[in-house]
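Trainee: UniProt numbering numbers the first residue of the sequence shown as 1 and each following residue consecutively.
Quick reminder that beta carbons are idealized off the backbone N, C-alpha and C, glycines included.
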Amino acid sequence: MDARPTRAAVAWCPDFPVLAVGADLDAQVAVFSGEGARRVVIACSPGARAAGVRRGQRLRDAQRLVPQLAAFARDERAEARAFEPVVAAAEQVAAGVEVIRPGLLALSAHGPARYHGGERALGLVLRDRVAQLETGEGSAIIVGIGIADGVTAAGIAARTPGADEAVIIEPGGSAAYLAPFPLSAIGAPPDLIAVLDQLGVRSIGRFAALPVADVAGRFGAEGVMLHRSARGLDPRPPASRRPVEDLCVEHEFDPPAETDEPVVFVAKMLADRLHAGLSAAGLACVRVGIEAQTVTGRVSYRLWRHADANGGRLSAAGLAQRAAWQLDGWRSREAHPVADPVALLRLVPDQLVLDTGTQQALWGAEVIPDRVARAAERVQALLGHDSVARLRLVGGRGPAEMLELVPWGEEPAAEAEQAPWPGAVLRPAPSAVPPEPAQADVLDARRAPVAVSGRARISATPALVVLEGREIEVAGYAGPWGYERSWDTAGRRRRARMQCLLADGRVLLLVLESGTWRVEAVHQ
Numbered sequence: 001m002d003a004r005p006t007r008a009a010v011a012w013c014p015d016f017p018v019l020a021v022g023a024d025l026d027a028q029v030a031v032f033s034g035e036g037a038r039r040v041v042i043a044c045s046p047g048a049r050a051a052g053v054r055r056g057q058r059l060r061d062a063q064r065l066v067p068q069l070a071a072f073a074r075d076e077r078a079e080a081r082a083f084e085p086v087v088a089a090a091e092q093v094a095a096g097v098e099v100i101r102p103g104l105l106a107l108s109a110h111g112p113a114r115y116h117g118g119e120r121a122l123g124l125v126l127r128d129r130v131a132q133l134e135t136g137e138g139s140a141i142i143v144g145i146g147i148a149d150g151v152t153a154a155g156i157a158a159r160t161p162g163a164d165e166a167v168i169i170e171p172g173g174s175a176a177y178l179a180p181f182p183l184s185a186i187g188a189p190p191d192l193i194a195v196l197d198q199l200g201v202r203s204i205g206r207f208a209a210l211p212v213a214d215v216a217g218r219f220g221a222e223g224v225m226l227h228r229s230a231r232g233l234d235p236r237p238p239a240s241r242r243p244v245e246d247l248c249v250e251h252e253f254d255p256p257a258e259t260d261e262p263v264v265f266v267a268k269m270l271a272d273r274l275h276a277g278l279s280a281a282g283l284a285c286v287r288v289g290i291e292a293q294t295v296t297g298r299v300s301y302r303l304w305r306h307a308d309a310n311g312g313r314l315s316a317a318g319l320a321q322r323a324a325w326q327l328d329g330w331r332s333r334e335a336h337p338v339a340d341p342v343a344l345l346r347l348v349p350d351q352l353v354l355d356t357g358t359q360q361a362l363w364g365a366e367v368i369p370d371r372v373a374r375a376a377e378r379v380q381a382l383l384g385h386d387s388v389a390r391l392r393l394v395g396g397r398g399p400a401e402m403l404e405l406v407p408w409g410e411e412p413a414a415e416a417e418q419a420p421w422p423g424a425v426l427r428p429a430p431s432a433v434p435p436e437p438a439q440a441d442v443l444d445a446r447r448a449p450v451a452v453s454g455r456a457r458i459s460a461t462p463a464l465v466v467l468e469g470r471e472i473e474v475a476g477y478a479g480p481w482g483y484e485r486s487w488d489t490a491g492r493r494r495r496a497r498m499q500c501l502l503a504d505g506r507v508l509l510l511v512l513e514s515g516t517w518r519v520e521a522v523h524q
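1. From residue 182 to residue 80, what distance separates their C-alpha atoms?
2. Strictly by DSSP, which residues pair up with residue 480?
3. Alpha carbon to alpha carbon, how far is residue 295 from residue 15? Give it in angstroms, no decimals.
4. Where do the ends of the beta strand (DSSP E) carrying residue 213 lie?
5. Is it buried or exposed, residue 152, if we count other Cβ atoms within 10 angstroms and call 16 or more buried?
6. Can you tell which of 267, 8, 32 and 18 has its C-alpha closest to the C-alpha of residue 113?
7. With which residues is residue 517 paired in a DSSP beta bridge?
8. Quick one: residues in its chain with C-beta nearer than 6 Å to the C-beta of residue 116, no 5 flanking neighbours on either side, listed in chain order?
9. May I ask you to report which of helix, strand or coil DSSP gives residue 21?
10. Do you know how far the Cα of residue 291 is from the Cα of residue 300?
11. Quick check: what's the CA-CA separation for residue 40 versus residue 476?
12. I need the DSSP call for residue 193, collapsed to helix, strand or coil.
13. Write down every uninterrupted run of the alpha helix (DSSP H) in the segment 130 to 178 whose length is 4 residues or greater and which is fully enclosed by it, in chain order.
14. I'd like the span of the beta strand (DSSP E) that includes residue 30, first residue to last.
15. Bridge partners for residue 344 per DSSP, in chain order?
16. What does residue 472 pair with, by DSSP beta-bridge criteria?
17. How about the segment 18 to 32 and the segment 40 to 55: do they share at least three Cβ pairs that are nearer than 8 Å?
18. Nearest-angstrom Cα distance between residue 483 and residue 495?
19. Please report the Cβ distance between residue 12 and residue 96, rounded to the nearest whole angstrom; I am assuming they are in contact, meaning their Cβ atoms lie under 8 Å.
20. What are the partner residues of residue 58, as DSSP defines its beta bridges?
21. Taking the CB atoms as reference points, tell me whether residue 345 and residue 250 lie closer together than 8 Å.
22. Which first and last residues belong to the beta strand (DSSP E) in which residue 100 is found?
23. By Cβ distance below 8 Å, which residues in the same chain neighbour residue 212 in space, the five residues on each side in sequence not counted?
24. What distance in whole Å lies between the Cβ atoms of residue 145 and residue 127, which are believed to be in contact at a cut-off of 8 Å?
25. Whose CA, out of 88, 59, 66 and 63, lies closest to the CA of residue 74?
26. What do you reckon, are the CB atoms on residue 481 and residue 456 nearer than 8 Å?
27. Where does residue 92 sit, in a helix, a strand or coil, going by DSSP?
28. Cα-Cα, which of 520, 85, 372 and 23 is closest to residue 329?
29. Terminal residues of the continuous alpha helix (DSSP H) containing residue 445?
30. Can you tell me whether residue 497 is buried or exposed? The criterion is at least 16 other CB atoms within 10 Å of its CB, across all chains shown.
31. In the DSSP assignment, find the beta strand (DSSP E) that holds residue 10 and state where it starts and stops.
32. Relative to the alpha-carbon of residue 69, which residue among 91, 25, 230 and 210 has its alpha-carbon at the smallest distance?
33. Residues in its own chain within less than 6 Å of residue 143 by CB, not counting five upstream and five downstream?
34. So what does DSSP say about residue 45, is it helix, strand or coil?
35. Given a cut-off of 8 Å on the beta-carbon distance, is the pair residue 462 and residue 441 in contact?
36. Quick one: grab the DSSP three-state call for residue 260.
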C-alpha cells in the first residue's frame with residue numbers, strides 16, 4: 001500500500017557548476033566533463049543557452065555554435081565547497097537539510113511551514129536567506145523554490161522558469177502537475193524511455209496510468225520506483241525501520257587529525273563497516289549523515305543522498321569522497337569549528353530501505369559482484385582514482401578504437417557507440433588487437449603484391465601472406481572493403497580492409513593504407 005508522501009521543499013540554484021568555477025553568468029560559458037572528443041556540456045550560462053548550447057551536447061558542437069564560448073572542466077570539489085554557504089543559509093531556516101547534489105537541496109516542509117506561518121512564507125524566507133549570499137562576481141545567488149508532495153515534484157516545481165516566488169503544488173496535486181512533463185524529468189533512463197516511446201507512452205501522466213503490476217513485470221524494481229515518482233509519490237518505499245544506534249559507525253582519532261587525509265582514509269574504513277552491518281540486517285542506505293566532532297567538542301553534521309535519484313546505496317568510495325568534500329567545505333568557512341583538529345568521525349544511516357539485491361545473470365552470478373567493487377574501491381583509495389579501470393564500448397571503425405579504459409566507478413557520458421559508423425568492423429569482435437599493427441606483405445600466385453583500387457577492387461587473388469619473414473599460404477579471403485578515415489579534406493585517408501584465412505587456422509584482419517598492408521587484428 002502506498003504511503004502518503006510528506007510535504008517537501010526543494011531549493012535549486014540554476015547553473016551552479018558555472019558559478020562554482022568562478023565564471024560570470026552574463027558571459028557565454030559552458031562547464032564540461034569527460035576528456036578528448038567525449039567532452040560533454042553538463043551546465044551552461046543563460047547567454048550560452050540563448051545561442052543554442054544545451055546540456056548533454058558535445059563540447060565541440062557547442063564551440064561550433066559559439067566560437068567564443070569559454071569552456072571550463074567540471075570541479076566537483078569546488079562545487080561542494082561553493083555550495084556550503086547555501087546549505088548553511090538553509091539550515092538557518094530549517095533543520096535536517098538534505099544535500100541532493102551541489103546546487104540542489106531538500107528539506108521537510110511540514111514543521112518549518114508551521115513555524116514560519118505557512119508554506120508560502122517558508123518559501124519566501126528560504127529564498128531570501130539564500131539571496132543574501134553573493135557569487136564570486138558580487139551578484140546575488142539566484143534560487144528557485146518548489147514545495148509539493150515528495151522531493152520529485154518539488155524539484156521540478158523549483159525549476160519553473162521566471163518564478164518570482166515559491167511554486168507550491170497543493171497536497172494531492174503532484175500527480176496532475178507532473179502529468180504533462182516528459183519521462184526524462186523524473187530521471188527515466190534512455191533505454192526505458194525508448195521502449196515506452198514505442199508503446200506510445202511519452203509523458204509522465206501516460207506512464208502513471210499504467211497498472212503497477214504490469215510495470216513491475218516488465219521493468220522490475222527500477223520501473224516501480226519511477227512509476228511511484230510519476231504518480232506523485234516518493235520514489236522509494238517508506239523506510240522499513242528507523243535507524244538505530246548500533247547501525248552507526250564511528251572512529252575516535254588519537255591523536256586528533258589535523259589534516260583531511262587521515263579523516264578521508266577513516267571514512268573509507270567506516271563505510272566498509274557500515275555496509276557490512278547493513279548487509280547483515282538485510283538493509284541498504286540511500287541517505288547518510290556525516291558527522292565530525294572537534295577537540296573543542298563542537299559538532300558539524302551534513303546529510304548526503306546518493307546521486308542516483310532512483311535508488312542504489314552509497315559506495316564506500318562515494319562516502320569517502322563526500323567526506324572529503326564536506327571537510328573542504330567546512331574548513332573553507334571562516335572560524336568554523338571544523339577548522340580545529342578532528343577528534344571523532346561518525347557515519348549515521350539516515351534513510352534505510354530493504355536491500356532488494358543485485359540483478360542476477362542467467363547463469364546465476366552477479367553481473368558486478370559486490371566484493372569486486374569493494375576491492376576496486378579499496379585500491380583506488382590507496383593508489384588514486386585512475387589506478388583501477390574498466391573497459392567500455394565506444395564508437396569507432398577499427399577494433400582498437402572500439403574500447404577505452406575508464407576509471408572504476410566513473411559514469412561516462414552518452415555512449416558514442418550508438419552513433420552510425422560507416423565502414424566499422426562487423427561482429428564478432430576479433431580476439432586479439434596488437435598495440436602496434438605489424439607490417440605484412442600480401443602476394444598473389446605469381447608473388448606479385450596485391451593492391452586495391454579506389455573502388456575497392458582487388459588486383460589479384462591473395463595466395464601468400466608474409467609476416468616477419470615467414471610465408472603463410474592463404475586458404476580463403478573476404479573483402480576488400482574500402483572506407484575513408486575522415487570526412488574533412490585535409491585529413492581524408494583512403495583505406496581498405498580484408499580478412500584472410502591462413503593455412504595455420506588463423507584469420508587476419510588486414511588493412512591497406514598508402515600501399516602498405518598491416519595486421520589490424522586477429523580472429524582465432
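Mentor: Based on what the coordinates show:
1. 29 Å
2. According to DSSP, residue 480 shares a beta bridge with no other residue.
3. 38 Å
4. Here residue 213 belongs to no beta strand (DSSP E); instead the alpha helix (DSSP H) covers 212 to 230.
5. buried
6. 8
7. 440 and 512
8. Excluding sequence positions up to five before and after residue 116, its CB lies within less than 6 Å of the CB of 122 and 125, all in the same chain and listed in chain order.
9. coil
10. Distance between the alpha carbons of residue 300 and residue 291 is about 6 Å.
11. 44 Å
12. helix
13. 151 to 158 and 174 to 178
14. Counting along the chain, the beta strand (DSSP E) containing residue 30 begins and ends at 29 to 33.
15. 252 and 293
16. DSSP lists 465 as partners of residue 472.
17. yes
18. Looking at the backbone, the Cα of residue 483 and that of residue 495 are separated by about 5 Å.
19. Not really, about 18 Å apart at Cβ, beyond 8 Å.
20. 40
21. Going by C-beta atoms, residue 345 is nearer than 8 Å to residue 250.
22. For residue 100, the uninterrupted beta strand (DSSP E) run begins and ends at 98 to 101, by DSSP.
23. 224 and 227
24. 5 Å
25. 59
26. yes
27. coil
28. 85
29. First-last for residue 445: undefined, no H or E at that position.
30. Looking at its Cβ environment, which holds 16 or more other Cβ atoms inside 10 Å, residue 497 is buried.
31. Residue 10 -> beta strand (DSSP E) spans 7 to 12.
32. 25
33. 11, 13, 127 and 130
34. coil
35. no
36. helix
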